[in-house]
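Step one of this worksheet: look at the structure below.
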Amino acid sequence: MPTIDNPTQKTLRELGVTESAQISPLFEEVRARFDSQANRQMDAHSYEMLRQSWIGRKSGIVNAITENWLKPSPVELKRAVGASLNQLREHIEVVLKTAGLAIESGAEESALAREKVDLSLPGAVRPIGSHHLIRQVFQDVEDIFVSIGFSVVEGPEIETPYYNFEALNIPEFHPVRDDMDTFYIDLPKGAPTPLLLRTHTSPMQIRTMEKQKPPVRVIVPGKVYRRDNPDATHSFAFHQVEGLAVDTLITFCDFTGTIEYFVKQFFGPGVKTRFRPSYFPFTEPSVEFDVSCIFCGGSGTAASGATCGKCKGAGWIELFGAGMVDPAVYGFVNYDAKKVNGFAFGMGMDRLAMLKYGIDDIQVFFQNDARFLRQFP
Ligand code: DAH
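Mapped onto our numbering, the consecutive letters of the sequence shown carry residue numbers 6 to 382.
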């Protein structure tokens, strides 16, 4: 490999420099070489290489010039060499300093760019759940009754036969118990009372009146259970809201007016209500409330002209049971049946939800299929 002819490795004598006039051009050549190297695009690494090769303490070119040109130079040239060398060193230092600062601030800038937090970027989106439709319907019903002065109370799902039946005027062997067969808890022999899963929210009528003197205005949302085989309208667990209002001057008109207000708030102002005589052991008289069919507008005829499949042409849909509290019930809670009266009702939430949202299978409430649940965000 041919060695690169490097004048700074030689002495001035070897280079044939004998007069001070030759000094300047020699240094100019070196300076031009430095300038051309310093003019290139540099990063921190190539900058450091350049710096070392020029002003590195031992291996740098400036050092080589000091050793090879200045120190051995004849006395008459020393001044000129020294002066030119100082100029060269100064020039190199200034250029390197400027370049060094530029690289440093460039590196800082890119580090800043790398570390910058972009607040406009969308965050990690986590799926957010929503309330189950039944919970939403509970909420709607609660809001309506709370707005007219009812308070919300809740009670145990495990009940005694006394609260679930007897105190509601349903003695043992009463035929309505056939419709309310339920699940019993296995208890050790000698337990003071059997325990069952409540078949309705009505036991809370008793528990509330036991605790509280009239006036009473409560609603009771909750889960109830029956030994029913599952089908499109039956489930062994379902949801009710009980209502109870007891005071000194409550009339049948207060009762029907309250129900009508609720139904219109819940389904919309266009619906009509009616009631028919019915029977419950804990109300007298007892009624069944109907609402004008939400699907055909009460006409009994569907949009297609065929008979409405939901109300079977009747124009009415059965909603829930209710009535004026049977005086016998007051006897169980030490209320004076001669002084107080009131009304009660018990609504199936699943049924209300199915009617309001056109759902024809109660099972979807319990299957937790996300495709169904997502339709009610
Ligand atoms: N508890 C009854 C049931 O589950 C519904 C009911 C009817 C509740 C009339 C009442 C009422 O409070 O007055 O079938």
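Don't be surprised by glycine CBs; every beta carbon is placed ideally from N, CA and C.
Quick caveat: nothing in here was measured; it's all calculated off a predicted structure.
Local conformation of residue i per DSSP, three classes
| i | result |
| --- | --- |
| residue 325 | strand |
| residue 291 | strand |
| residue 169 | helix |
| residue 186 | coil |
| residue 283 | strand |
| residue 224 | strand |
| residue 110 | helix |
| residue 152 | coil |
| residue 312 | strand |
| residue 201 | strand |
| residue 6 | Caution is warranted here: a pLDDT of 47 is assigned to residue 6, below 50, making its placement in the model unreliable, and no coordinate value can be reported. |
| residue 164 | strand |
| residue 237 | coil |
| residue 348 | strand |
| residue 135 | coil |
| residue 304 | coil |
| residue 16 | coil |
| residue 103 | helix |
| residue 64 | coil |
| residue 89 | helix |
| residue 125 | coil |
| residue 384 | Past the boundaries of the shown model lies residue 384; the chain is included only from 6 to 382, so the question cannot be answered. |
| residue 334 | helix |
| residue 157 | strand |
Between the CA atoms of residue j and residue i - distance to the nearest angstrom
| i | j | result |
| --- | --- | --- |
| residue 336 | residue 287 | 11 Å |
| residue 302 | residue 276 | 8 Å |
| residue 112 | residue 86 | 38 Å |
| residue 180 | residue 333 | 18 Å |
| residue 278 | residue 193 | 49 Å |
| residue 119 | residue 125 | 16 Å |
| residue 49 | residue 78 | 36 Å |
| residue 6 | residue 28 | At residue 6 the pLDDT is 47, less than 50, meaning the model places this residue with poor confidence; the figure from the coordinates comes in the next sentence. So the two alpha carbons sit approximately 30 Å from each other. |
| residue 12 | residue 95 | 20 Å |
| residue 227 | residue 155 | 16 Å |
| residue 145 | residue 267 | 10 Å |
| residue 189 | residue 274 | 43 Å |
| residue 198 | residue 176 | 15 Å |
| residue 360 | residue 324 | 9 Å |
| residue 216 | residue 291 | 25 Å |
| residue 37 | residue 127 | 54 Å |
| residue 91 | residue 82 | 14 Å |
| residue 149 | residue 263 | 10 Å |
| residue 299 | residue 314 | 12 Å |
| residue 234 | residue 366 | 14 Å |
| residue 305 | residue 316 | 7 Å |
| residue 57 | residue 10 | 20 Å |
| residue 261 | residue 131 | 47 Å |
| residue 173 | residue 350 | 13 Å |
| residue 357 | residue 142 | 8 Å |
| residue 135 | residue 381 | 8 Å |
| residue 183 | residue 201 | 15 Å |
| residue 373 | residue 340 | 44 Å |
| residue 52 | residue 75 | 27 Å |
| residue 160 | residue 256 | 27 Å |
| residue 54 | residue 17 | 27 Å |
Alpha helix (DSSP H) segment containing residue i, residue limits
| i | result |
| --- | --- |
| residue 362 | 354 to 362 |
| residue 341 | Per DSSP, residue 341 belongs to no alpha helix (DSSP H) and is neither H nor E. |
| residue 249 | That residue, residue 249, is in no alpha helix (DSSP H); its beta strand (DSSP E) goes 242 to 252. |
| residue 74 | No alpha helix (DSSP H) holds residue 74; DSSP gives it neither H nor E. |
| residue 258 | 257 to 272 |
| residue 208 | 208 to 216 |
| residue 50 | 49 to 60 |
| residue 178 | Premise fails: residue 178 is in no alpha helix (DSSP H) and is neither H nor E. |
| residue 375 | 375 to 378 |
| residue 30 | 28 to 43 |
| residue 372 | 369 to 372 |
| residue 231 | That residue, residue 231, is in no alpha helix (DSSP H); it is neither H nor E in DSSP. |
> Where the beta carbon is closer than 6 Å to any heavy atom of ligand 1, which residues qualify, in chain order?
Replying inline: 205, 207, 247, 285, 288, 326, 327, 328, 349, 350, 351
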